[in-house]
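Colleague: Here you go, one structure.
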Amino acid sequence: MEINWGKPLVLVVSPDGATQKITTAEQARHWLRKRWPVADRSRDRALNHVEAAMECMTSVGAARQAFALAARTAGLLPESQAPMPRVVVAVGT
Numbered sequence: 002m003e004i005n006w007g008k009p010l011v012l013v014v015s016p017d018g019a020t021q022k023i024t025t026a027e028q029a030r031h032w033l034r035k036r037w038p039v040a041d042r043s044r045d046r047a048l049n050h051v052e053a054a055m056e057c058m059t060s061v062g063a064a065r066q067a068f069a070l071a072a073r074t075a076g077l078l079p080e081s082q083a084p085m086p087r088v089v090v091a092v093g094t
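So in this note's numbering, spot 11 of the sequence shown is number 12, and the numbers just go up one at a time.
Okay, structure coming up:
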């Protein structure tokens, strides 16, 4: 059984803008265990929260929040927070 955690979190996973949609706690756990780009405290905390939510020991909301924080610290910004490209407009002189 997979644990749906509401609105999917969409992460930008490459410099060319490729994205990954995380829709369940199981997907989040897989990413944190196998595909996460950095091993830091935020990742460890998120993994603990996600696994606790899967065992009904904490809320899914707490797991989502920890996952989102870990994603920001790892540079996997949510799609809605990805930096917009800068456009330089030359003003006539």
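For every residue, glycine included, the Cβ atom is placed at its ideal position computed from N, Cα and C.
Kindly indicate which three-state DSSP category residue 37 falls into: helix, strand or coil?
Modeller: Taking the sequence shown and counting its residues from 1, one reaches residue 37 at position 36. Looking at residue 37 - three-state DSSP - the assignment turns out to be coil, as it is neither helix nor strand.
Colleague: Just list the residues that DSSP pairs residue 5 with in beta bridges.
Modeller: Here residue 5 refers to the residue found at position 4 when the sequence shown is read from its first residue. Paired residue(s): 25.
Colleague: Below 6 Å CB to CB, which residues in the same chain sit around residue 71 once its five sequence neighbours on both sides are set aside?
Modeller: The residue labelled residue 71 in the question sits at position 70 within the sequence shown. Closer than 6 Å at the Cβ level, and outside the excluded window around residue 71, lie 43, 44 and 47.
Colleague: Is residue 50 closer than 9 Å to residue 63 when the C-beta atoms are compared?
Modeller: Translated into the one-based positions of the sequence shown, residue 63 becomes position 62. Translated into the one-based positions of the sequence shown, residue 50 becomes position 49. Cβ atoms of residue 63 and residue 50: closer than 9 Å.
Colleague: Is residue 84 helix, strand or coil by DSSP?
Modeller: Counted from its first residue, the sequence shown places residue 84 at position 83. Note on residue 84: pLDDT 49, under 50, position unreliable in the model; no value is reported.
Colleague: Would you kindly work out how many angstroms separate the C-alpha atoms of residue 29 and residue 18, rounded to a whole number?
Modeller: Here residue 29 is taken as the residue at index 28 of the sequence shown, counted from 1. Here residue 18 is taken as the residue at index 17 of the sequence shown, counted from 1. If you take the alpha carbons of residue 29 and residue 18, they lie about 19 Å apart.
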